[in-house]
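This report concerns only the one structure given below.
Numbering (this note's numbering), first residue to last: 300 to 718.
What follows is the structure, given as structure tokens:
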């Protein structure tokens, strides 16, 4: 660490100064996150206990949200480059609102699958469009800060929404769930007028010919970008993708901690992200993004080590606090990662292909979210939970090494955290 880096971090503001357009976009995103936090955590309970759908079928309906991402991510990227990120985001928000509203009036399994597909399609169209829009309304130097702030506000919105919904829903009263899903739909629609206040270009600002075409083939020929997307998939697989798979499966297995203790663990994770994001961002100012990725992966390795040890500590409070510490460590990893990967993607992306670059990046995340639970299911199904923990530790360290090697190839302009 150089003296200049230390001085840069010390002089940085705790709360980044972002343009008004960015603040408006982030406010709308926080609003829709609050709605998602109210609805998604209770969807399986709602479909099974309230609507009487078989639990296995309800779980498949829930997975449809993720499956739709493999279609929606490319569509969102294509639309962002063709008509601009704001109109593409508007399309995604409308589909998401339709899906959320339909969920409130599910009467049978086919309607549940339809609603989940609409919601998943909308969310996945909006994902690359939102990332492209946020990257457009800030300067390149502000991108790390913008995506870090987005991660904090997103987590805050989801956490607050879950708490509010917990006070409203009652499995014995279907109307309470209908209220929640209508509120979720409304939060998507209320994002739309906020978007209309954001002054952004309506489409790509650079001629397509300058970038060798505007199809996905041009994106897939960028080997440096594909390395970033591959690293994203790996990080999600060993991190975010395991939060609701490997972590609860390992923590609550036979002779593990009670299921009720998981709420403490996840609350600790959300609190850690909200509290630590801005201080961590300030501490990272002046450092390289790949260094931050290495810190994140090393933190995940340490967190999984804590989980491994806690999993052999019984079911009492020592084990519970060990798992809480693991989730707090995961939160630290998230805050180090937030200002990096998506910012790198948008610094590497030509303007006319920004939507498609974000779409392929989102597909990397989607792949990680699929691969993580699949890996955990295989491990737990063959009673190799300890092996899974060791694999996650080793793979996390592999991610840190990957980031170190990536640093040799990234241009300096795409590898510096600033606010």
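Backbone N, C-alpha and C fix where the C-beta goes; we use that ideal spot for every residue, glycine too.
Between residue i and residue j, what straight-line distance do the alpha-carbon atoms span, to the nearest angstrom?
i	j	result
residue 702	residue 314	27 Å
residue 700	residue 346	43 Å
residue 680	residue 563	26 Å
residue 717	residue 676	40 Å
residue 593	residue 698	7 Å
residue 262	residue 615	What is shown of the chain runs 300 to 718, which leaves residue 262 out entirely.
residue 565	residue 626	7 Å
residue 400	residue 483	8 Å
residue 382	residue 494	15 Å
residue 641	residue 471	43 Å
residue 349	residue 585	52 Å
residue 601	residue 583	20 Å
residue 708	residue 489	42 Å
residue 567	residue 436	32 Å
residue 525	residue 519	7 Å
residue 570	residue 523	35 Å
residue 359	residue 379	30 Å
residue 521	residue 649	11 Å
residue 366	residue 417	11 Å
Any idea if residue i is buried or exposed, counting beta-carbon neighbours within 10 angstroms, 16 or more meaning buried?
i	result
residue 355	exposed
residue 685	exposed
residue 558	exposed
residue 664	buried
residue 576	buried
residue 712	exposed
residue 339	buried
residue 462	exposed
residue 673	exposed
residue 438	exposed
residue 458	buried
Assuming the contact rule is C-beta atoms closer than 8 Å, residue i and residue j should be a hit. Round their C-beta distance to whole Å, please.
i	j	result
residue 331	residue 515	Rounded, the Cβ-Cβ distance is 27 Å, inconsistent with contact.
residue 538	residue 632	6 Å
residue 445	residue 453	Not a contact, Cβ separation roughly 12 Å.
residue 498	residue 320	6 Å
residue 456	residue 329	4 Å
residue 398	residue 414	5 Å
residue 335	residue 460	7 Å
residue 548	residue 670	With 8 Å as the limit, residue 548 and residue 670 do not qualify as a contact, their Cβ atoms being about 15 Å apart.
Using DSSP with H/G/I as helix, E/B as strand and the rest coil, what is residue i?
i	result
residue 521	coil
residue 715	coil
residue 319	helix
residue 552	coil
residue 708	coil
residue 381	helix
residue 472	strand
residue 623	helix
residue 480	helix
residue 448	helix
residue 514	coil
residue 617	helix
residue 314	coil
residue 499	coil
residue 586	coil
residue 703	helix
Next item on the list: With a floor of 4 residues, list each alpha helix (DSSP H) that falls wholly inside the stretch 338 to 379, ordered by position along the chain.
Entry: 354 to 366
Margin query: I'd like the ranges of any alpha helix (DSSP H) spanning at least 4 consecutive residues and lying wholly in the stretch 638 to 692.
Written below: 640 to 647, 653 to 680
Next item on the list: Ignoring anything shorter than 4 residues or poking outside the stretch 391 to 470, list the alpha helix (DSSP H) runs there in chain order.
Entry: 408 to 435, 442 to 467
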